[in-house]
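Residue numbers (the UniProt record's numbering): 1 to 189.
The following block contains the structure:
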């Protein structure tokens, strides 16, 4: 009798590897303020609910409310309206605070458009939400654009300046989707 069956959908650290449009659930929402000007802000973490990246998270998406002048106020209203319409909030609903939006968003489902952002100070590139839409009945749709190589880990490929050859040290013993046989004597416990 087996202990369990390996399931690639039941793992820690699932991540989204392609840009695209994803059906998601808001799994974390915080009200906070921006560092520089102290503007009210929502920070969202969303989790893909279908397709090949189901369970993958897109984190730290910020929606900033800026009412410093008429132009910024109009842009903020449009930004938050777009988000709330994607959550299927009905026309005419009054919004009194950013906290009210946070409560409405928690555990809600919607669709997000994503693109790869610019490299951060460490050279890492992360998915950024560029648009919010109601849940897509056709499901999540990755677009095939994978993470750019910004901040590539130097231990994976080493360039030799004298020969310009690249050495790839990564190996994938499971790359052929072959089964593996492990006897009890091979286990360390």
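Glycine included, every Cβ here is placed at the ideal spot set by N, Cα and C.
Please classify residue 2: does DSSP put it in a helix, a strand, or coil? coil
Candidates 94, 47, 50, 37: which alpha carbon is nearest residue 67's? 37
Would you grab the beta carbon distance between residue 58 and residue 3 for me? Rounded to a whole angstrom, and I think it's under 8 angstroms. Incorrect: roughly 33 angstroms between the Cβ atoms, too far for contact.
Three or more C-beta pairs closer than 8 angstroms, one from the segment 14-32 and one from the segment 44-58: is that the case here? yes
Determine the direct distance from the alpha carbon of residue 6 to that of residue 33, and round the result to whole angstroms. 43 angstroms
DSSP state of residue 58 mapped onto helix, strand, coil: strand
Per DSSP, what kind of secondary structure is residue 71 in: helix, strand or coil? helix
Cβ-based burial, residue 18 [other Cβ within 10 Å; buried from 16]: buried
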